[in-house]
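Read in our numbering, the sequence shown has 167 at position 167, and its numbers run on one by one without any break.
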Amino acid sequence: MTEIQSAYFVLSLCLLEGLLHLGFWKHVQWQTDLLHFLFTPKIVLWIHVYLMAPLGALLLSLLPPMDSPGSLTWFDLIWLWPIADFCGYLVHWLQHKIPFLWRLHRVHHSSTPLNTLAGSRSHPIDSVLQQAFWYLPFFLYAYKDGTLDAEEGLIILTAATVYLVHVVMIHFAFPIGKSIEWLITTPSFHHRHHSINARGNYGLQLTIWDKIFKTAVADRSPVMEYGITPSLPLDWLKHLFPPPAKD
1 MTEIQSAYFV LSLCLLEGLL HLGFWKHVQW QTDLLHFLFT PKIVLWIHVY
51 LMAPLGALLL SLLPPMDSPG SLTWFDLIWL WPIADFCGYL VHWLQHKIPF
101 LWRLHRVHHS STPLNTLAGS RSHPIDSVLQ QAFWYLPFFL YAYKDGTLDA
151 EEGLIILTAA TVYLVHVVMI HFAFPIGKSI EWLITTPSFH HRHHSINARG
201 NYGLQLTIWD KIFKTAVADR SPVMEYGITP SLPLDWLKHL FPPPAKD
């Protein structure tokens, strides 16, 4: 998904939220979230391209090629996807448990309303870490023979696009989707994760990990308050250098 396509997708959801009387402009934090939407993804992309990609290529080159026939195929997504999602669940759980990681991740949780634009609020390193863990199984399997061809790259890019679109959608302003959250994460499921100082619902795409590891939020009633305590200042630059967490 190109930056232009991503912008159209997010802005379309923002427009829908506005038509349903919950527009992003109705809260005082929308300017901060807009700066995150415009600039944070670019920083994330730069880190991926100029740091993570060369570092990943170096680490993969150190791995001995596996004597395994075939390459990454579209069929492999069926079994690799749950593995990738577990990696995403694990790093998300760690982001809430390790003080330094929480210091970065709480930027994402600092928005008091939850909507599509607010979902863009995150620390660049926090986003890179979460995405890298999710992509890791695909790259490891594709590179098992010591090479990565164009078709494998397309498959990984497609998986990454679906992942990123889903991440945007679960921040939709309206907590819909309760009927299907027994399997996949939905706005209703993720809203409970963003409730004030919540502890649970760490799944990124599948909800099974929260059930297996007993981290699902049992209370399914509507969320009345979002955010963290203490709150963070409404300043994009200060979000890049968040103070140590006191909670």
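Beta carbons: idealized from backbone N, C-alpha and C, even for Gly.
Every value quoted in this text rests on a predicted model; they were computed, and no experiment measured them.
Cβ separation of residue i and residue j, assumed to be a contact under 8 Å, to the nearest whole Å
i, j, result
"Ser-188", "Gly-177", "5 Å"
"Leu-117", "Trp-236", "Going by Cβ atoms, the distance from Leu-117 to Trp-236 rounds to 13 Å, so no, they are not a contact pair."
"His-193", "Pro-175", "Actually they do not touch by this definition, with Cβ atoms about 11 Å apart."
"Gly-203", "Trp-134", "At roughly 12 Å, the Cβ-Cβ gap does not stay under 8 Å, so Gly-203 and Trp-134 are not in contact."
"Thr-185", "Ile-170", "5 Å"
"Ser-111", "Asp-33", "7 Å"
"Pro-82", "Leu-206", "7 Å"
"Ile-155", "Leu-90", "That pair is no contact at about 23 Å."
Neighbour-count burial assignment, residue i, 16 or more Cβ in a 10 Å radius
i, result
"Asn-197", "exposed"
"Leu-19", "Confidence at Leu-19 is low in this model, with a pLDDT of 47, below 50, so the placement of that residue is unreliable and no value is reported for it."
"Ala-216", "buried"
"Ala-142", "buried"
"Lys-144", "buried"
"Leu-80", "buried"
"Pro-124", "buried"
"Glu-225", "exposed"
"Glu-151", "exposed"
CB of residue i within 8 Å of CB of residue j, strictly
i, j, result
"Arg-103", "Pro-244", "yes"
"Phe-172", "Ser-120", "no"
"Pro-41", "Ala-84", "no"
"Val-128", "His-48", "yes"
Distance between residue j and residue i (C-alpha atoms, nearest Å)
i, j, result
"Gly-153", "Leu-35", "30 Å"
"Ile-228", "Thr-73", "42 Å"
"Lys-214", "Phe-86", "14 Å"
"Leu-51", "Thr-158", "22 Å"
"Pro-233", "His-92", "23 Å"
"Leu-101", "Ala-132", "14 Å"
"Leu-164", "Leu-148", "22 Å"
"Phe-317", "Asn-201", "This structure leaves residue 317 out entirely; the chain is present only between 1 and 247."
"Pro-64", "Leu-55", "17 Å"
"Val-44", "Ser-221", "34 Å"
"Ala-53", "Ser-122", "21 Å"
"Val-162", "Lys-238", "31 Å"
"Ser-179", "Leu-60", "41 Å"
"His-96", "Leu-240", "18 Å"
"Ala-57", "Val-223", "43 Å"
"Ile-98", "Val-107", "15 Å"
"Phe-39", "Asp-126", "15 Å"
"Leu-62", "Leu-140", "12 Å"
"Asp-219", "Leu-94", "22 Å"
"Gln-130", "Trp-46", "15 Å"
"Glu-181", "Ile-212", "14 Å"
"Pro-242", "Leu-183", "34 Å"
"Asp-210", "Arg-199", "11 Å"
"Asn-115", "Ser-71", "39 Å"
Residue-level contact to chain B via CB, residue i, 8 Å cutoff
i, result
"Lys-144", "Included in the structure is just one protein chain, with no chain B present."
**Prompt:** Taking only runs of the alpha helix (DSSP H) that begin and end inside the segment 135 to 206, which ones reach a length of at least 4 residues, in chain order?
**Reply:** With a minimum length of 4 residues, the unbroken runs of alpha helix (DSSP H) contained wholly in the segment 135 to 206 fall at 150 to 169 and 187 to 193.
**Request:** Go through the segment 33 to 69 residue by residue and report every complete run of the beta strand (DSSP E) that reaches 3 residues or more, in order.
**Result:** Assignment of beta strand (DSSP E) within the segment 33 to 69, counting only whole runs of 3 or more residues, yields no such run.
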